[in-house]
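In the working numbering, the protein residues as written are 396 to 607. Glycine residues also receive a C-beta, built at the ideal position from the N, C-alpha and C atoms. None of these values were measured; they are calculated from a predicted model. Only one structure is covered here, and it is reproduced in the block below.
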Amino acid sequence: MIDTLIRNNMAWARARMRAESPFFMRLSEQQATEYLWIGCSASQVPANEVVGLDPGELFVHRNMENLAPSRDVNFLSVLQCPLKVLKVGHSIVCGHYGCGGVRAALDSDRRGLIDYWLQPVADLAHRCAERLDAITDFTTKVNDTCQQNMRAQVEYVGRNRFVFDAWCRWQTLAIHGWIYPIRDGLIRNLDLTVEKARDVETLARRSWCPDG
Ligand SMILES: [Zn+2]
396 MIDTLIRNNM
406 AWARARMRAE
416 SPFFMRLSEQ
426 QATEYLWIGC
436 SASQVPANEV
446 VGLDPGELFV
456 HRNMENLAPS
466 RDVNFLSVLQ
476 CPLKVLKVGH
486 SIVCGHYGCG
496 GVRAALDSDR
506 RGLIDYWLQP
516 VADLAHRCAE
526 RLDAITDFTT
536 KVNDTCQQNM
546 RAQVEYVGRN
556 RFVFDAWCRW
566 QTLAIHGWIY
576 PIRDGLIRNL
586 DLTVEKARDV
596 ETLARRSWCP
606 DG
């Protein structure tokens, strides 16, 4: 079965070369992207594909629940490179409805180490307990939390020191919060965009857990 992947790769590389013979040469010489994508690791959300971008056009970081943890060296390293070196103009934090990580953060099962990773979303759900307790359907509750998590992560990215430094350098950088429904594949813009430090404060002052 695993050999299928290598065969698929050969077919893909040949098709690329047929479409544009210097494709790989061009990719190897430069990485010129305008976009940083922070998304969930879920296999149903292939970042480049859902926004119709080719290799080389999207700088991608993915982790469970599309988190932006301020103490995660992996995340911080990925954030620093596109902001300081590539000088991307847009950072897209994109979650998805039905996220398994969010689902796990909401149930009472104990899973070991991963519970520590899921803790920020569990804490978020705790902050939104009044709203969530009023929702009886668990799937709706999960989707509502997925959406609230986007608000939190856009705020965390906006408060990140690398982002703040970029804005202090007068670098143009917008951070967007999107969510992807796996059921129809159509991204929804959650209207959480921040483009300067003051926007982050405005976003933070918007009450947590409003309608939608
Ligand atoms: Zn997910």
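Expressed to the nearest angstrom, what Euclidean distance is found between the alpha-carbon atoms of Gly607 and Trp432?
Here Gly607 scores only 45 on pLDDT, less than 50, and its place in the model should not be relied on; the value that follows carries that caveat. The alpha-carbon atoms of Gly607 and Trp432 are separated by roughly 23 Å.
By Cβ distance, which residues of its chain are closer than 7 Å to Val549, with the 5 residues on each side in sequence left out?
Val488, Ile570, Gly572, Leu587, Val589, Leu598
Hey, would you say the C-beta of Cys435 is under 7 Å away from at least one heavy atom of ligand 1?
yes
Whole runs of the beta strand (DSSP E) within the stretch 568–605, excluding any shorter than 3 residues
569–575
Is it buried or exposed for Asn584, if we count other Cβ within 10 angstroms and need 16 for buried?
exposed
Simplified DSSP assignment, three categories, for Trp512
helix
DSSP three-state assignment for Gly495, whether helix, strand or coil
helix
Taking only three categories from DSSP, how would you classify Asn355?
Because the chain here runs from 396 to 607, residue 355 falls outside it and cannot be looked at.
Would you list the one or two residues that DSSP bridges to Val473?
Its beta-bridge partners do not exist; DSSP assigns none.
Using 8 Å as the Cβ pair cut-off and three pairs as the minimum, do the stretch 549–567 and the stretch 482–499 touch?
yes
Among Arg413, Phe470, Asn404, Gly490, the one whose alpha carbon lies nearest that of Ala437
Gly490
Rounded C-alpha distance that separates Phe454 from Glu444
13 Å
In or out: Asp539 buried (at least 16 other Cβ within 10 Å) or exposed?
buried
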